[in-house]
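Here the sequence shown is numbered in the working numbering, starting from 981 and rising by one per residue. Glycine included, each C-beta is placed from N, C-alpha and C at the ideal position. Note that the structure is predicted; figures quoted are calculated from it, not measured. What follows is a set of notes on a single structure, which appears directly below.
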Amino acid sequence: MMGMQIFVGSPQLNAPVQESSLPPGIRAVAEVAWHSVTTAYGLMVVALIYLFIQPNNGALAKYIVAQLVALSALFLIYSVTRFGNVTSLYLWPFFLVIAATVGMGVRSVPSFNEP
981 MMGMQIFVGS PQLNAPVQES SLPPGIRAVA EVAWHSVTTA YGLMVVALIY LFIQPNNGAL
1041 AKYIVAQLVA LSALFLIYSV TRFGNVTSLY LWPFFLVIAA TVGMGVRSVP SFNEP
């Protein structure tokens, strides 16, 4: 996720915004937003590694699933409303696959299901 954000998305999405004639304040906010998403992806990777090593953290797993489902919904909704299809912003299925994988891990660890 983070690698795609940095190496694929940055030249195609962030660089044109930064090189545009938009006012400096708008470019700065766009760059902060861009790097905030990159940071969130990086922290999610760290959390997933931690969850793999220490799988008895149901709250963390549920938070990650919720975040991934929300990201998937954002990509899907904007793809449909802006472009009229589900393929223009094509990352939403990847987020759902990761969420489903984490969800299967939650279901397979008995302590997650205990109150």
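Within 9 Å, strictly: CB atoms of residue i and residue j
| i | j | result |
| --- | --- | --- |
| Q1047 | A1080 | no |
| A1041 | P1035 | yes |
| V1049 | F1032 | no |
| E1011 | N994 | yes |
Residue i classed as buried or exposed, judged by whether at least 16 other C-beta atoms fall within 10 angstroms
| i | result |
| --- | --- |
| I1006 | exposed |
| V1082 | buried |
| N1065 | exposed |
| F1063 | exposed |
| L1051 | buried |
| I1029 | exposed |
| I1044 | buried |
| S1057 | Just to set this straight, residue 1057 is Ile in the shown sequence, not Ser. I1057 should be labelled exposed. |
At 4 residues or longer, what runs of the alpha helix (DSSP H) sit wholly inside the stretch 1016–1090? 1038–1063, 1072–1088
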